[in-house]
Amino acid sequence: MNPLLAQFLAESREQLEMTGAGLLAVENNPQDFEQINAVFRAIHTIKGSSGLFDIQPVTLLTHAAEDLLDAVRAQELSLERPMVDLLLDAFDRVSQWLDELERNESLPAELAVEARERGAKLRAFLKDRPAEADAEERPAALVFDNLDWLGQLPEEERAALYRRVAASGEPLVVFRYTPDAQCFFSGEDPFHQVRQIPGLACLNIVPTEPWPPLAELDAYRCALRFEGVACAAREEVAALFRYVPDQICLAEAGPQALAVPIGQRADIPGLNGFVAEALALVDQENWAGLRETVAALLDVCDPDAWVASALRWLPRLLDVEVPDPATTRTLLEALRVQRGPDWLNALTVEESAAVLATARPRTLTAEEQAAFQRVVAEQARILELPVEPDLWLGRIGSICASLGNSLRYAGRDDLLEELEEARETARETRAADALRGLLARLAGEEAAPPAKEASIQKAGRAEEAAAGEKTTIKTLKVDQQKIDRLMDLIGELVVAKNSLPYLAQRAERVYGMRELAREIKEQYGVINRIAQELQGSIMQVRMMPVGQVFQRFPRLVRDLSKKLDKKIELAIEGEDTEADKNIIETLADPLIHILRNSIDHGIEPPEERLARGKPDAGAIRVKAYRDNDSVAIEIVDDGRGIDAAAVRDKAVQRGLLSAEQAEALSEYEAAQLIFAPGLSTAEQVSDISGRGVGMDVVRTSVERVGGTVQVRSQRGIGTELRLTLPLSMAVTHVMAVELDGKLVGVPMDMVVETVRLAPAAIHTIKHREAFMLRDRLVPLVRLRQLLDLAGPETAGGTLAVLVVRIRGENIGVVVDDFREGMEVILKPMDGLLASLRQYAGTALLGDGSVMLVINLKEML
């Protein structure tokens with residue numbers, strides 16, 4: 060994939076996640092203008108960046124959303140729920156398009172139709188926008204000197220367009236777009252910008268200056284001008300160029316503006332007599348006679364002559380239901396002198412913001428001043444970022460271009476000359492002190508009146524000094540595959556350093572070299588410390604806050620509560636709790652399953668809650684925190700709770716338990732049955748839940764990464780689910796036990812303690828073995844029997860019992876003997892063995908042997 064496209068996708072997804080959370084925050088607090096501005100900036104960034112690629116649907120839809128958000132932040136519209144619904148739906152669709160773009164590196168052209176339809180729905184909210192919004196502040200038209208340049212467009216194209224426009228009455232706009240020479244350094248794409256012009260009908264591209272020799276050509280300097288005609292309202296085209304009003308000329312035109320004759324000028328005998336006769340026919344409105352007269356002269360003219368082109372246009376002007384005498388007269392007068400007709404005087408042309416700005420200084424509103432200050436601050440930040448020496452001048456040009464547009468918009472043309480001097484000084488001296496000083500002064504104007512130059516300079520110096528005192532935080536983005544490779548290497552290092560104790564033991568026992576064995580052990584201690592620190596550092600790099608998953612929940616709760624007609628208040632705690640990136644990604648689907656069940660099955664409708672004496676709004680609390688070497692996540696609701704009796708009945712109906720077994724279950728044990736495959740107490744299956752697969756998926760996903768999930772519920776009070784997951788999946792701590800002369804590993808997070816029992820301490824209860832441990836009865840199983848191995852299990856007349864905790868209950872596992880705990884790199888089973896869930900995987904030991912790590916949860 061194109062690296063630039065990959066970066067765009069990653070950054071756009073981040074922006075979309077932020078916009079969703081921001082919109083929900085603004086919906087709850089409409090006066091949070093900072094959030095409104097943040098959402099607008101995010102969408103503006105996506106729209107601007109999408110212009111670098113041929114992804115018109117994304118550009119069109121984000122453009123419409125940007126216009127709507129612009130009206131909201133200008134307080135011309137209030138953000139209401141229907142508006143938020145449409146915006147969220149639009150952003151979801153953009154996210155889907157980004158996924159498709161990642162798969163195919165392109166988007167189907169037909170999606171542009173959908174984008175326009177969705178954009179029209181968003182812009183429908185703008186109908187109530189004040190009409191005077193753009194009239195003086197941001198019109199985008201300059202005065203045309205003439206329209207002779209239209210003659211450079213092919214005559215047949217203009218003729219076809221004339222017939223179409225004259226018949227349909229469509230609006231017509233002529234434009235001339237001259238991009239800034241340094242536009243590429245500002246992230247602008249003039250070609251893409253022109254392609255976005257609605258109703259683009261004719262286009263001509265010409266150089267703004269003679270082309271230099273190829274060896275001297277600067278490929279990064281734009282030296283083109285775009286001229287053409289569009290069938291669209293002037294306001295639509297003006298909106299597209301509203302951020303570069305000084306680069307665009309626009310004029311509304313009638314179809315006659317396309318009648319620009321072309322060709323060689325030559326003396327035509329009798330031309331003046333023809334014009335006089337034709338004007339008389341116009342006065343008489345004898346259009347048939349005029350047609351005959353024109354046809355007669357056209358037959359004897361050179362087809363390539365200017366006069367012939369003008370004569371061909373006359374019948375076209377007459378080919379309407381009611382010909383316009385004034386229009387016909389204008390073309391005939393032009394024919395007399397063989398000079399292009401002056402259609403300009405008949406056109407409605409408005410002055411642009413740039414012209415208005417030079418005529419009088421602007422007074423910015425508080426919102427505009429804040430936006431201007433943000434531009435200044437952003438350019439100052441960009442100026443201080445590290446950059447390759449070869450790209451430094453390009454960055455200076457980009458900053459000056461952006462700052463120049465902002466100064467013109469703010470009516471500060473008095474500073475344009477100083478800005479240009481700062482640019483030239485930077486180019487000559489390779490130092491940006493002058494530009495830095497100008498930015499600092501402009502930043503100081505936020506709190507100081509422009510007239511007080513001394514105070515402005517003082518504020519600028521103070522801000523510059525404060526900026527120098529701040530600690531620079533540098534962020535380096537690294538491909539995850541590189542981090543994963545480092546983790547693999549650290550895993551190999553752990554295995555390699557584990558071989559040193561074996562080597563020391565061999566040196567002492569086999570070769571009798573006790574001193575060498577001691578030195579090896581000392582070096583092992585040093586290498587072990589370094590390896591642990593290195594492992595910890597890389598794990599920190601992979602750590603992510605669980606808030607990356609939690610930020611999806613407000614939108615989910617909002618949409619489902621609206622769909623189910625429930626009132627729900629969501630509280631989130633501990634978003635900053637960190638865990639390994641792979642663990643965080645594994646969490647997403649299980650947590651969403653739990654939240655959907657809580658909303659659908661747990662929280663009651665408002666009328667039912669009120670009848671039970673509860674507030675009409677249900678409460679769901681999601682909390683994350685560190686629990687030793689694990690991450691614990693609790694999801695608690697105050698809903699109706701789990702009906703243990705109904706769960707027992709469903710379990711019996713599904714054949715999961717007998718009626719006797721079901722009756723023997725405690726309330727807690729019955730609640731755990733919700734994790735059984737296919738079990739659901741829902742009376743109806745909906746698109747939200749009720750199929751009996753969600754909670755089974757939750758447990759399977761959590762246990763696959765070495766975690767646990769528990770549920771506690773009280774009927775009528777609420778339900779609490781607790782997920783416990785390891786901080787990292789990179790290195791696994793295991794307890795090694797001996798079995799049939801071989802080592803077997805048991806994950807350390809399951810181990811509670813080890814005990815040795817005399818055979819007489821074991822009791823048989825209902826055909827099952829158990830023993831007493833601190834006044835509690837603990838079930839006992841034998842690992843040899845589980846693995847179908849024969850032979851004795853005693854070690855010195857006693858039984859070695861490993862006490863493990865599985866799903867909240869202690870169980871004793873009889874093994875041959877205990878060995879030490881160790882850190883291993885767990886490799887999953889491959890091939891046919893991958894389907895055996897009783898085995899967690901294998902690990903390579905320091906002496907080169909392979910240890911099998913068992914999954915007692917599946918075995919028991």
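For the sequence shown, our numbering begins at 60 and goes up steadily by one. For each residue, glycine too, the CB sits at the ideal point set by N, CA and C.
Where residue i sits in the DSSP three-state scheme
i	result
T237	coil
Y570	coil
A899	strand
L75	helix
A65	helix
N263	strand
C242	helix
G470	coil
I913	strand
Q432	helix
P448	helix
Q564	helix
F300	coil
K536	coil
C459	helix
A524	Reliability fails at A524, whose pLDDT of 43 lies under 50, so the model's placement of it is uncertain and the value that follows must be treated cautiously. Note: A524 maps to helix in three-state DSSP.
K625	coil
D876	strand
Q90	coil
E247	coil
V359	coil
Q582	helix
Y279	coil
R577	helix
Q712	helix
L317	helix
Buried or exposed by the 16-neighbour rule on C-beta atoms within 10 Å, applied to residue i
i	result
S772	buried
P320	buried
G571	exposed
K801	exposed
T386	buried
F250	exposed
A893	exposed
G399	buried
L716	buried
Y684	exposed
G79	buried
V396	exposed
M831	exposed
N656	buried
S227	exposed
Residues that residue i bridges to, as DSSP identifies them
i	result
G871	L839 and V862
E812	V862
D696	I679 and T778
M603	A638
F285	Y236 and I264
L309	F234
K886	T901
E632	K682
Q323	A364
R881	The residue you asked about is not Arg; residue 881 is Met in the sequence shown. Its beta-bridge partners are V793.
Whole-number beta carbon distance between residue j and residue i, since they are thought to touch under 8 Å
i	j	result
N35	M881	Nothing in the structure corresponds to residue 35, since the chain is present only between 60 and 919.
R680	P674	Actually they are not in contact, since the Cβ atoms of R680 and P674 sit about 14 Å apart, beyond 8 Å.
S465	V434	5 Å
I692	G677	With a Cβ gap of about 19 Å, I692 and G677 do not count as contacting.
A174	L119	4 Å
L786	V768	Between V768 and L786 the Cβ distance is about 17 Å, and since that is not below 8 Å, they are no contact.
L798	L842	6 Å
T813	L846	Not confirmed; about 19 Å, so no contact.
L64	F112	6 Å
**Q.** Entirely enclosed beta strand (DSSP E) segments - the region 641 to 691, minimum 3 residues
**A.** 676 to 686
Q: Starting from the N-terminal side, write out each stretch of the beta strand (DSSP E) that is 3 residues or longer and does not extend beyond the region 756 to 833.
A: Correct list: 767 to 773, 777 to 785, 791 to 798, 801 to 806, 810 to 816, 822 to 824 and 827 to 832.
Q) Which residue spans inside the region 93 to 174 form an unbroken beta strand (DSSP E) run of at least 3? A) The region 93 to 174 contains no whole beta strand (DSSP E) run of 3 or more residues.
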